[in-house]
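Peer 1: One structure coming up, written as structure tokens, with questions to follow.
Number of protein chains: 2
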Amino acid sequence: MKWDELKDQSCPVARGLSVIGDRWTLMVLRDCFLGIRRFEAMQARLGITRHVLADRLRKLEADGVLRREAYQERPTRYEYRLTEKGKALYPVLVALIGWAEDHVPPEGETAITLVSRETGERIEPVLTDARTGRPITHRDVTAVRNA
Amino acid sequence: MKWDELKDQSCPVARGLSVIGDRWTLMVLRDCFLGIRRFEAMQARLGITRHVLADRLRKLEADGVLRREAYQERPTRYEYRLTEKGKALYPVLVALIGWAEDHVPPEGETAITLVSRETGERIEPVLTDARTGRPITHRDVTAVRNA
DNA sequence: TTGACAGGTTCCGAAAGGGAACTTACCCAT
DNA sequence: ATGGGTAAGTTCCCTTTCGGAACCTGTCAA
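Chain order of the listed sequences is A and B. Going by full-length UniProt numbering, the first residue of the first sequence is number 1, and it counts up by one from there. Going by full-length UniProt numbering, the first residue of the second sequence is number 1, and it counts up by one from there.
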């Protein structure tokens, strides 16, 4: 299978990965959530090559995850902002952070901590079922194939 | 930056992606969660080339996400199973599924639905803070850099 | 001895990625 | 007007990775 055939698959994992499954894409989105909006800043922070960054931003815009907005004229310069669709990816990023914090120990110390904007306290992300309020693990949940 | 330098970074997103940031890795893990354990079966389901699949399985084993277990001798054949570290990735996969279901519409119909193993009812994954029980969105949470 | 099965490995050409320099278009200070 | 700085890309070249298909190994069964 080729990579671009993924988006047409019926599996939601495949469809999701067709957008964010790339090596750099979630790193770009991490920076977006941190408020980084400009090409130069992203390139400097990520260490990604300019060519690849330009390509990823184009794709993310095409997929509706980012939107490009002119922040000055003459010369026209654009910055990249998360759309609602992009902001909806936050739980994916947080789930990944939670896993990495628990299972992929850093060399030195962890750079960021997620805190409540309101109380300033550290948060502990856990995925729950909105209906029952109970945590979701692979033991409680099973996937059924739709007929 | 090269890809394999990522695992040494202080950012948990980078560390997480150093393990599962690859194009195919989460697809492989999806199959693992569905109970697929053998090379041939994965290769047939994923359409990934055998070479890349062998490589990914090796890396996932080296990272402690999968463990290889002999299921027969003469000739020795191995199957791949999720470790606890691997099982802990379930929320990441579910968060991705949730996002894709809401924001990346399929061509036809969605192949799988997550249901409670107990009640059989459809679940609605939502990321919450274990302390307060409240949903986590980018609006409620902010990242602070550790000094 | 031929074939099937399972889990790989090997080979090749094609596509993607890394690194660095170049381009465009403007502003500002000398 | 000349040179330097800023920002967002693009272009070039070379290396790495990927996709596709064939081949290998060990065993059993017909």
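The beta-carbon is built from N, C-alpha and C at its ideal position, and this holds for glycine as well. Note that the structure is a prediction, hence the values are computed from the model and not measured.
1. How many Å lie between GLU79/A and GLU118/A at the Cα?
2. Just verifying my parser: in three-state terms, what is the DSSP assignment at GLN9/A?
3. Using a Cβ-Cβ distance under 8 angstroms, would LEU53/A count as near chain B?
4. Going by CA-CA distance only, name the one from GLU124/B, GLY86/B, SER116/B and PRO75/B that's closest to TRP99/B.
5. Using 8 angstroms as the threshold, is the C-beta distance between VAL13/A and LEU26/B below it?
6. Give me whichever residues DSSP pairs with VAL52/B in a beta bridge.
7. Taking only beta-carbon atoms, is PHE33/A less than 8 angstroms away from chain B?
8. With C-beta atoms as the reference, is VAL65/A less than 8 angstroms away from VAL19/A?
9. Output the boundary residues of the beta strand (DSSP E) element that contains VAL115/A.
10. What number of angstroms, rounded off, separates the C-alpha of ASP55/B from the C-alpha of ILE97/A?
11. Our contact map puts ARG139/A next to ILE112/B with C-beta atoms below 8 angstroms; I'd like the distance itself, whole angstroms only.
12. Please report the Cβ distance between ARG15/B and LYS2/B, rounded to the nearest whole angstrom; I am assuming they are in contact, meaning their Cβ atoms lie under 8 angstroms.
13. For ARG23/B, does the three-state DSSP call read helix, strand or coil?
14. Could you tell me the alpha carbon to alpha carbon distance between LEU17/A and ARG23/B, rounded to whole angstroms?
15. Could you please give the first and the last residue of the uninterrupted beta strand (DSSP E) stretch that includes ARG45/B?
16. Taking the straight line between their C-alpha atoms, what separation do you get for LEU60/A and GLU73/B?
Peer 2: The structure says:
1. For the purposes of this step, residue 79/A is taken as residue 79 along the first sequence, with counting starting at 1. For the purposes of this step, residue 118/A is taken as residue 118 along the first sequence, with counting starting at 1. Distance between the alpha carbons of GLU79/A and GLU118/A is about 28 angstroms.
2. Against the first sequence, residue 9/A aligns to sequence position 9. Residue state, collapsed to three classes: coil.
3. Residue numbering aside, residue 53/A sits at position 53 when the first sequence is read from its first letter. So, not an interface residue.
4. Here residue 99/B corresponds to residue number 99 of the second sequence, with the count starting at 1. Looking at the Cα atoms, GLU124/B is the closest of the given residues.
5. If you number the first sequence from 1, residue 13/A lands on position 13. If you number the second sequence from 1, residue 26/B lands on position 26. Yes.
6. The sequence position of residue 52/B within the second sequence is 52, counting from 1. None; VAL52/B has no bridge partner.
7. Working through the first sequence from its first residue, we reach residue 33/A at position 33. Closer than 8 angstroms to some Cβ of chain B, the Cβ of PHE33/A qualifies, so yes.
8. For the purposes of this step, residue 65/A is taken as residue 65 along the first sequence, with counting starting at 1. For the purposes of this step, residue 19/A is taken as residue 19 along the first sequence, with counting starting at 1. Yes, these two residues count as a Cβ contact at 8 angstroms.
9. Sequence index remark: in the first sequence, residue 115/A carries index 115 (1-based). Its beta strand (DSSP E) spans residues 112–116.
10. Taking the second sequence and counting its residues from 1, the one referred to as residue 55/B is at position 55. Taking the first sequence and counting its residues from 1, the one referred to as residue 97/A is at position 97. Cα to Cα, the separation comes out at about 25 angstroms.
11. Indexing the first sequence from 1 puts residue 139/A at position 139. Indexing the second sequence from 1 puts residue 112/B at position 112. Actually they are not in contact, since the Cβ atoms of ARG139/A and ILE112/B sit about 17 angstroms apart, beyond 8 angstroms.
12. Residue mapping note: residue 15/B aligns to position 15 of the second sequence, counting from 1. Residue mapping note: residue 2/B aligns to position 2 of the second sequence, counting from 1. With 8 angstroms as the limit, ARG15/B and LYS2/B do not qualify as a contact, their Cβ atoms being about 15 angstroms apart.
13. For the purposes of this step, residue 23/B is identified with residue 23 of the second sequence, where counting begins at 1. Of the three classes helix, strand and coil, the one that applies to ARG23/B here is coil, per DSSP.
14. Working through the first sequence from its first residue, we reach residue 17/A at position 17. Working through the second sequence from its first residue, we reach residue 23/B at position 23. Straight across, the Cα-Cα distance linking LEU17/A with ARG23/B is about 7 angstroms.
15. As a working mapping, residue 45/B is identified with position 45 in the second sequence. Careful: ARG45/B lies outside any beta strand (DSSP E), inside the alpha helix (DSSP H) at 39–46.
16. Along the first sequence, read from residue 1 onward, the residue named residue 60/A stands at position 60. Along the second sequence, read from residue 1 onward, the residue named residue 73/B stands at position 73. Taking the straight line from one Cα to the other gives about 48 angstroms.
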